[in-house]
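In my numbering, the protein residues as written are 99 to 558.
This is the structure:
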């Protein structure tokens with residue numbers, strides 16, 4: 099019996115001994131495969147995540163000159179009627195940046211005096227930058243954020259550094275970030291490293307330099323274009339030490355900034371030479387050719403030609419001494435040698451709203467083939483909207499952002515050239531309309547005046 103029962107036990111032990119390593123081997127292999135199956139996607143996802151992060155970082159890096167939004171801070175610092183041209187300068191820049199796509203919510207407009215409502219203004223409620231008076235710069239939809247005695251050096255510095263008192267409305271703040279390209283324009287009366295505010299206060303080059311330094315430290319701009327239009331304007335940037343800043347002034351140290359022409363009816367100079375020829379250059383700008391469509395050689399050629407003709411470098415080269423009657427030179431000491439050349443910097447990088455974007459590869463999320471029943475249930479207008487969206491989805495290319503509201507801006511604002519030279523027909527109609535109103539007024543009031551004079555004589 100012992101032998102009978104012992105043999106099977108020995109045989110079972112031998113079988114387990116032989117099969118044990120094999121089973122353990124199978125189990126080990128299954129565990130390894132399970133680990134690979136679980137960890138493989140993690141490693142792949144991690145690689146994709148790192149790749150996407152690197153791409154986004156490279157795309158938004160300052161070295162590539164990219165930005166995602168534009169802001170304009172436009173400041174007229176002069177009071178009194180004889181400084182009419184300064185508000186015309188500022189409003190000319192205001193109309194230009196709006197025409198090129200920057201919306202009012204990203205424009206801080208500061209006007210030191212309300213010339214449109216001045217009793218000396220022959221055209222109440224209107225401001226003109228040309229003697230043709232073809233375009234009313236004041237317009238019907240102007241949004242002035244700081245007016246009159248609100249325009250002070252303190253408030254300008256608060257706008258730049260975003261150090262406002264509690265309760266300051268959003269419209270009075272420049273809510274910029276590290277991907278914002280900022281246009282800062284100042285005009286008024288000044289001298290060597292200072293600019294006067296309303297003939298009462300001054301702001302110094304050092305004040306502006308410290309404010310820009312705070313902006314950079316607080317990540318409030320990506321690149322900044324500083325424009326000063328005043329006597330000895332270039333000295334306002336003499337103390338700047340913050341990086342990524344392009345500065346230009348309408349005149350060098352010891353030079354005056356001169357006006358362009360007078361309007362005999364208004365009785366004053368209506369625009370300065372620097373602004374006049376800047377607007378003349380801006381007339382050529384068409385942001386719709388800013389796209390870099392890699393699949394269309396024609397578009398790429400047009401975009402390249404547009405960049406050469408409308409770059410910041412091309413703009414600066416048009417501001418010759420013969421035109422401006424002073425030396426308007428760019429100051430690039432804070433731009434940096436590793437930055438883009440001015441020939442590669444588009445004017446719309448600061449004056450427009452065309453910013454680069456990284457588009458996702460996925461579609462809008464619908465397809466006519468996937469759900470024909472749902473599409474057939476839509477109304478005609480809904481089907482039309484879906485069709486347009488589908489067409490846009492298939493045609494969209496990586497390379498540029500659509501300028502939000504640009505088409506509306508084109509329809510609402512007439513070409514900048516009309517601000518300069520105007521349409522004689524429009525001017526003639528304006529004058530003709532004024533004469534008609536004057537004749538009607540005379541015809542209406544003449545009998546009243548005559549009757550009043552008769553009554554007065556009768557009483558005597």
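The beta-carbon is built from N, C-alpha and C at its ideal position, and this holds for glycine as well.
Inter-residue Cα distance where the pair is residue i and residue j
i: residue 330; j: residue 208; result: 22 Å
i: residue 370; j: residue 190; result: 11 Å
i: residue 568; j: residue 289; result: Past the edges of the chain, shown from 99 to 558, lies residue 568, and the structure says nothing about it.
i: residue 413; j: residue 243; result: 29 Å
i: residue 305; j: residue 299; result: 13 Å
i: residue 383; j: residue 202; result: 20 Å
i: residue 439; j: residue 411; result: 8 Å
i: residue 343; j: residue 175; result: 22 Å
i: residue 425; j: residue 372; result: 10 Å
i: residue 381; j: residue 417; result: 15 Å
i: residue 442; j: residue 408; result: 10 Å
i: residue 261; j: residue 253; result: 9 Å
i: residue 348; j: residue 374; result: 11 Å
i: residue 223; j: residue 238; result: 9 Å
i: residue 419; j: residue 427; result: 10 Å
i: residue 546; j: residue 365; result: 33 Å
i: residue 93; j: residue 184; result: With the chain running from 99 to 558 in the structure shown, residue 93 is simply not present.
i: residue 204; j: residue 338; result: 24 Å
i: residue 225; j: residue 553; result: 42 Å
i: residue 245; j: residue 549; result: 45 Å
i: residue 276; j: residue 192; result: 23 Å
i: residue 579; j: residue 538; result: Beyond the ends of the chain as shown, which are 99 and 558, falls residue 579; an answer cannot be given.
i: residue 451; j: residue 541; result: 51 Å
i: residue 273; j: residue 359; result: 37 Å
i: residue 292; j: residue 301; result: 6 Å
i: residue 45; j: residue 309; result: Residue 45 lies beyond the stretch modelled for the chain, which goes from 99 to 558, so this question has no answer here.
Beta-bridge partners of residue i, as assigned by DSSP
i: residue 300; result: 294
i: residue 444; result: 409
i: residue 278; result: 167
i: residue 330; result: In DSSP, residue 330 forms no bridge with anything.
i: residue 283; result: 172 and 325
i: residue 367; result: 360
i: residue 288; result: 293
i: residue 429; result: 345
Given residue i as reference, the closest of the options once Cα atoms are compared
i: residue 332; options: 429, 374 and 407; result: 429
i: residue 340; options: 176, 303 and 384; result: 303
i: residue 376; options: 415, 436 and 359; result: 415
i: residue 295; options: 169, 178 and 437; result: 178
i: residue 334; options: 374, 166, 205 and 307; result: 307
i: residue 351; options: 220, 245, 438 and 336; result: 336
i: residue 271; options: 166, 277, 280 and 258; result: 258
i: residue 363; options: 228, 169 and 193; result: 228
i: residue 367; options: 553, 173, 165 and 187; result: 187
i: residue 173; options: 427, 255 and 359; result: 255
i: residue 280; options: 181, 165 and 240; result: 165
i: residue 422; options: 245, 261 and 378; result: 378
i: residue 180; options: 239, 545 and 297; result: 297
i: residue 346; options: 436, 548, 432 and 237; result: 432
i: residue 240; options: 427, 194 and 291; result: 194
i: residue 361; options: 553, 182, 192 and 541; result: 182
i: residue 169; options: 318, 293 and 245; result: 318
i: residue 278; options: 323, 549, 167 and 541; result: 167
i: residue 269; options: 171, 292 and 301; result: 171
What are the start and end residues of each continuous alpha helix (DSSP H) run of 4 or more residues lying completely inside the segment 192-270, in chain order? 251-259
Does the contact criterion of 3 or more C-beta pairs under 8 Å hold for the segment 224-236 versus the segment 273-284? no
Please determine if the segment 306-313 and the segment 345-356 are in contact, where contact requires at least 3 C-beta pairs separated by less than 8 Å. The segment 306-313 is not in contact with the segment 345-356.
Segment contact flag, the segment 198-216 with the segment 440-454, C-beta cutoff 8 Å, min 3 pairs: In the pairwise beta carbon analysis, the segment 198-216 is classified as touching the segment 440-454: at least three pairs are separated by under 8 Å.
Pairing CB atoms from the segment 265-284 with CB atoms from the segment 319-334, are three or more of them under 8 Å? yes
Could you say if the segment 249-259 and the segment 206-220 meet the contact criterion of at least three C-beta pairs nearer than 8 Å? yes
Count the C-beta pairs between the segment 251-270 and the segment 211-226 that are closer than 8 Å, then say yes if the count reaches three, no if not. no
In chain order, what are the residue ranges of uninterrupted beta strand (DSSP E) at least 3 long that sit wholly in the segment 333-362? Those beta strand (DSSP E) runs which fall completely within the segment 333-362 and span 3+ residues are 343-347 and 357-361.
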